[in-house]
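Counting the sequence shown from 1 gives a position; the working numbering is that position plus 7. Idealized CB from N, CA, C, for every residue including glycine.
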Amino acid sequence: MTVTPRLPSPLVPVRDDRFERYGVRLLLKRDDLIHPELIGNKWRKLVPNLVAAGGRPLVTFGGAYSSHLRATAAAGRLLGFGTVGVVRGDELARRPLNPSLARCAADGMRLHFADRAAYRRKHEPEILAALLRAADAEDAYVVPEGGSNTAAVRGCRALGAELRGAADTVAVACGTGGTLAGLAAGLDAGQRALGVPVLKGGFLGGEVRALQERAFGARTGTWSLDDRFHCGGYARTTPELDAFARDFEQRHGFGVERLYVAKLLWGLVALAAEGAFPRGSSVAAVITGRPFPDEGRPQALYPASR
8 MTVTPRLPSP LVPVRDDRFE RYGVRLLLKR DDLIHPELIG NKWRKLVPNL VAAGGRPLVT
68 FGGAYSSHLR ATAAAGRLLG FGTVGVVRGD ELARRPLNPS LARCAADGMR LHFADRAAYR
128 RKHEPEILAA LLRAADAEDA YVVPEGGSNT AAVRGCRALG AELRGAADTV AVACGTGGTL
188 AGLAAGLDAG QRALGVPVLK GGFLGGEVRA LQERAFGART GTWSLDDRFH CGGYARTTPE
248 LDAFARDFEQ RHGFGVERLY VAKLLWGLVA LAAEGAFPRG SSVAAVITGR PFPDEGRPQA
308 LYPASR
């Protein structure tokens, strides 16, 4: 398996009457096509951290369905370095691995299941040190949950640079905020970035500001968040969201990942109907992932050249 990425990722205009009736042009930034296994923002966030690790094993954090854990495990297998995943929920150690964690283990990731109370406090130095000791990963390079740190944010700035001048609004689903922080910094002054959080709580604005301050010294670019489309929180979906995703798949011919991408696209359709995008403007939706398991899904209808 080659690790050569497809960059810049394709930017594909699509015809969708739910946007066209309001005079809005929709484009899909197909970051899910960067690499078969290190897809989307995972490539952009992980690679700078791999450079910083200097060959050391990586330890990182995530829930039972974390796409970040899967991407880190796949990178370890492809590039030949060790990985440790600290998984939220020590009760999971007594259960069979779900397909997501089973894929991590198959790719060579050593899994350590952490008590949920300690996991919530992993940002505290003493708690983090205890978690690393328990996972036998004290000498590993630490990548935070979701992969969002200074290196990752700077890596995601290239996403904005690839989209300069291509759309008035660039929208992305947000978990930990690192992709939005870097994306906004890379866009032109006349463009704006829109984040659609997939977690509830309304905390993400402060996280994105903090990430930009650490990476660039100050809040950078024009960006905002719309917290209405999380469907109850991370890894939560609804029958309505699933029906929307199936319809989008049938309209446009590729598999729609449910935990991030479906919520983003659903939010953009709602915002278009509300008049949030001026008539004559364009919106680019960053497709950061694809369904898991993704076997048997139509993956792409895109031009052969870019």
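Query, Result
"For His-119, three-class secondary structure by DSSP", "strand"
"Cα-Cα separation, Glu-281 to Asp-122", "43 Å"
"Residue span of the alpha helix (DSSP H) that contains Gly-209, given as start and end", "Gly-209 -> no alpha helix (DSSP H), and no H or E assigned at all."
"Residue range of the alpha helix (DSSP H) that includes Arg-258", "246-259"
"Selected residue, minimal CA-CA separation from Val-205, among Glu-256, Ala-173 and Val-268", "Val-268"
"Rounded separation between Ala-4 and Lys-49 - CA only", "Past the edges of the chain, shown from 8 to 313, lies residue 4, and the structure says nothing about it."
"Length of the line joining the Cα atoms of Leu-99 and Met-116", "16 Å"
"Bridge-paired residues (DSSP) for Pro-20", "Leu-34"
"Where Thr-186 sits in the DSSP three-state scheme", "helix"
"Integer-rounded CB distance, given that Leu-65 should sit under 8 Å from Ala-147", "6 Å"
"C-alpha gap between Pro-246 and Ser-107, whole angstroms", "22 Å"
"Terminal residues of the alpha helix (DSSP H) in which Ala-59 lies", "47-60"
"Alpha carbon of Glu-27 to alpha carbon of Leu-34, nearest angstrom", "12 Å"
"Under the three-state DSSP convention, the category Cys-111 falls into", "helix"
"Residues of its chain near Arg-22, where Cβ-Cβ distance is below 7 Å and the 5 sequence neighbours each way are ignored", "none"
"Helix, strand or coil at Ser-74 according to DSSP, with G and I counted as helix", "helix"
"Separation of Val-263 from Asp-249, as counted between CA atoms", "9 Å"
"Alpha-carbon to alpha-carbon, Arg-128 and Glu-169", "36 Å"
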